[in-house]
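Undergrad: Here you go, one structure.
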Amino acid sequence: MSKQDRSGTGRPAVFIDEESALLIAPPEFADRTPRLRPHAQAALFALAAHGYSLVLLSSQAGSRLARWSAGEVALHQQQLLGLFQEDGESGVTDVLSCPHLPGLAGKPACDCQLPRAGLLFEAARRHDLDLDRCWLIAGGKRTRRAARTAGCRSVVMGSGRHADTNDLMQAAKKILRKHDPVQGMVSA
Ligand SMILES: [Zn+2]
53 MSKQDRSGTG
63 RPAVFIDEES
73 ALLIAPPEFA
83 DRTPRLRPHA
93 QAALFALAAH
103 GYSLVLLSSQ
113 AGSRLARWSA
123 GEVALHQQQL
133 LGLFQEDGES
143 GVTDVLSCPH
153 LPGLAGKPAC
163 DCQLPRAGLL
173 FEAARRHDLD
183 LDRCWLIAGG
193 KRTRRAARTA
203 GCRSVVMGSG
213 RHADTNDLMQ
223 AAKKILRKHD
233 PVQGMVSA
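Plus 52 on top of the position in the sequence shown (first one is 1) and you've got our numbering.
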């Protein structure tokens, strides 16, 4: 996909990787309420209030989603979306999952597992997103690589040297500090 195809007049969005940024721990059972990190709801609602579409990603190699049936994945996604309802409306635009098993040594075996950016491109295509104005929130060094590939910016979650923050509200604030309310765009 060319650079020209990726940028334009589309909407800004924030992609949040479920397992490395949104949940405290990978859920063991599809029918249980997923356990969110502290401030997850407030952080995502703050981003939505500033005009960002929210797209949840399940893009980790070795995700339990690869072991679950399609029905279990759908049930889990419903549970997750239920946590981001406000006034009967979902604050989340979409949930995209990688259904593939990882390759050798947990390496990505498909284009949707980070650091590959297949799910980001897919979300942009589906929802007319402008990747130049999008952000990826995920854990691990591969976050920056995936964001660079897609042409968006990143917040790396974690407590290590390479991480930006371990708190989702701080992640949202980092994004909103770059937000230009007049143009509805991120500033340079
Ligand atoms: Zn995949």
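Using N, Cα and C, we set each Cβ at its ideal position, and we do this for glycine too. Note that the coordinates shown come from a computational prediction; the quantities given were computed from them, not determined experimentally.
If you scan the stretch 135-209 from start to end, which runs of the beta strand (DSSP E) of 3 or more residues do you find wholly inside it?
TA: 146-149, 187-191, 205-209
Undergrad: With three or more C-beta pairs closer than 8 Å as the rule, is the stretch 147-159 touching the stretch 99-106?
TA: Look at the beta carbons and you see the stretch 99-106 not touching the stretch 147-159: under three pairs across the two are nearer than 8 Å.
Undergrad: Looking only at C-alpha atoms, which of H179, L74, M221, A122 sits nearest to L133?
TA: L74
Undergrad: Pick from Q137, R89, I227, L171: whose alpha carbon is nearest that of A219?
TA: Inspection of the sequence shows that residue 219 is occupied by Asp rather than by Ala. Nearest option by C-alpha distance: R89.
Undergrad: Use the C-beta contact count for Q137: other C-beta atoms within 10 angstroms, 16 or more gives buried, fewer gives exposed.
TA: By the neighbour-count definition (other C-beta atoms within 10 Å, threshold 16), Q137 is an exposed residue.
Undergrad: Counting along the chain, where does the beta strand (DSSP E) carrying F67 start and finish?
TA: 65-69
Undergrad: Quick check: the stretch 190-205 against the stretch 170-177, are there 3 or more CB pairs under 8 Å?
TA: Put simply, the stretch 190-205 touches the stretch 170-177. At least three CB pairs are less than 8 Å apart.
Undergrad: Provide the residue span of the beta strand (DSSP E) that contains L109, from first to last.
TA: 105-110
Undergrad: Please report the distance separating the alpha-carbon of Q222 from that of G210.
TA: 12 Å
Undergrad: Hey, could you find the ends of the alpha helix (DSSP H) L96 is sitting in?
TA: 92-101
Undergrad: Counting only the same chain and skipping the five closest in sequence on each side, list residues whose C-beta sits under 8 Å from that of S142.
TA: L133, F136
Undergrad: Can you look up H231 in the DSSP assignment and give me helix, strand or coil?
TA: strand
Undergrad: Assign T195 to buried or exposed, taking buried as 16 or more other Cβ atoms, counted over all protein chains shown, within 10 Å of its Cβ.
TA: Looking at its Cβ environment, which holds 16 or more other Cβ atoms inside 10 Å, T195 is buried.
Undergrad: For the putative contact between H214 and K193, defined by C-beta atoms under 8 Å, what is the C-beta separation to the nearest angstrom?
TA: 5 Å
Undergrad: Would the beta-carbon of Q222 be found less than 7 Å away from any heavy atom of ligand 1?
TA: no
Undergrad: May I have the straight-line CA-CA distance separating A82 from L156, to the nearest angstrom?
TA: Spanning the two alpha carbons is a distance of roughly 26 Å.
Undergrad: When you compare the CB of L188 with every CB in chain C, is at least one pair closer than 8 Å?
TA: Within the model displayed, chain C is absent; a lone protein chain is all it includes.
Undergrad: For the putative contact between R178 and D146, defined by C-beta atoms under 8 Å, what is the C-beta separation to the nearest angstrom?
TA: 7 Å
Undergrad: Near ligand 3, which residues have their beta-carbon less than 5 Å from any of its heavy atoms, given in chain order?
TA: Ligand 3 is not among the ligands present in this structure, which contains only ligand 1.
Undergrad: Is the distance from the Cβ of A198 to the Cβ of L166 below 8 Å?
TA: Contact annotation: A198 and L166 have beta-carbon atoms nearer than 8 Å.
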